[in-house]
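Asker: If you scroll down you'll find the structure; I have some questions about it.
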Amino acid sequence: MSNIFPPPLVRRLKEEYDFEESLYFDTDSTNDQAKKALIIVDMQNDFLPRGSLAVAGGDEVLPVVNKIQSEFNLIVATQDWHPVDHASFASNHAGKNAMDIIDLDGLQQILWPDHCVQGSKGAEFSVDLETHRIELIVRKGTNKRIDSYSAFFDNGHKKSTGLAGYLIERGVQQVTVCGLAADFCVYYTAMDALELGFQAEILLDGTRAIDPDGFEKKIQLFKKKGGKLISKKERSPNGENGDLY
Ligand SMILES: [Zn+2]
1 MSNIFPPPLV RRLKEEYDFE ESLYFDTDST NDQAKKALII VDMQNDFLPR GSLAVAGGDE
61 VLPVVNKIQS EFNLIVATQD WHPVDHASFA SNHAGKNAMD IIDLDGLQQI LWPDHCVQGS
121 KGAEFSVDLE THRIELIVRK GTNKRIDSYS AFFDNGHKKS TGLAGYLIER GVQQVTVCGL
181 AADFCVYYTA MDALELGFQA EILLDGTRAI DPDGFEKKIQ LFKKKGGKLI SKKERSPNGE
241 NGDLY
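For the sequence shown, the UniProt record's numbering gives the first residue as 1, with consecutive numbering after it.
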């Protein structure tokens, strides 16, 4: 028997919630606990071509994101899900334009075009995303005063989405993150996962960046923190396993 809780997370949660640390799952048993989960970030119409905040090449990741799902027995997805008066929208600040940077309650905030408004077509998943194996959908960015790039916390780390607790209860120790956009929601999700004590990897061919140069720099930080980058390729014609890690 061994404790499957990621230790740094346990320490942090213990301080915050003062709970007893105890054995939860028997990792030696043959139960179908997930161990590793796929987190599909924001594969929503507004981040895809013709969307209001389209990420170049965003649609190219769809086949990769669909295909890799077969390697996981737990799949989670996120949706950016903003009220129409969200403070990250340039349209809600007189005289400001998209990509301007403001101070929002002490946090640096990039202003975006209106996107992923709750209940809108733009906030829906792409019809080309395979969704029927997704067990949990985490909606983020719902508080109009703070943005939320990560699937785990808002940008000020003030409120948890509950995702970490869910993954722990499902026995997850490792997450693979894909989706859009690489340099924002994918990156911050993967970084928070590391900080919480999960092993984390980013599926490079399952993501695209808004600013590829900025992503390059962020990736260095991610690797320095112990994050892993993976990419996939098709099996070669002679049937050898062509996965690249
Ligand atoms: Zn957003």
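Backbone N, C-alpha and C fix where the C-beta goes; we use that ideal spot for every residue, glycine too.
#1: What's the gap between the Cα of His93 and the Cα of Thr161?
#2: Beta-carbon distances below 5 angstroms to any heavy atom of ligand 1 define the shell here; list its residues in chain order, please.
#3: Are His82 and Gly141 close, meaning C-beta to C-beta below 8 angstroms?
#4: Tell me whether His86 is buried or exposed, calling it buried when 16 or more other Cβ atoms sit within 10 Å of its Cβ.
#5: Between Val172 and Val186, which are expected to be in contact by the criterion C-beta below 8 angstroms, what is the C-beta distance as a whole number of angstroms?
#6: Check whether the Cβ atoms of His115 and Leu180 sit closer than 8 angstroms, and answer yes or no.
#7: According to the neighbour-count rule (16 or more other Cβ atoms, all chains shown, within 10 Å of its Cβ), is Gly106 buried or exposed?
#8: Can at least three beta-carbon pairs, one atom from the region 53-62 and one from the region 142-153, be found at a separation below 8 angstroms?
#9: Considering Leu74, what are the terminal residues of the alpha helix (DSSP H) in which it resides?
#10: So Glu201 is in the beta strand (DSSP E); what residue range does that whole segment cover?
#11: Measure the C-alpha to C-alpha separation of Asp154 and Asp147 and round it to an integer number of angstroms.
#12: If Leu38 and Ile75 are in contact, beta carbons under 8 angstroms, what's the gap, nearest whole angstrom?
#13: Which residue comes first and which comes last in the beta strand (DSSP E) that contains Asp213?
Answerer: According to the structure data:
#1: Straight through space, the alpha carbons of Thr161 and His93 are spaced by roughly 27 angstroms.
#2: Selection output, chain order preserved: Asp80, Gly141.
#3: yes
#4: buried
#5: Contact doesn't hold; Cβ gap of about 18 angstroms is too wide.
#6: no
#7: exposed
#8: Taking a contact to require three or more Cβ pairs closer than 8 angstroms, the region 53-62 and the region 142-153 do not qualify as touching.
#9: Looking at the DSSP string, Leu74 is not in any alpha helix (DSSP H), and its letter there is neither H nor E.
#10: 199-208
#11: 6 angstroms
#12: 5 angstroms
#13: No beta strand (DSSP E) holds Asp213; the alpha helix (DSSP H) holding it covers 212-224.
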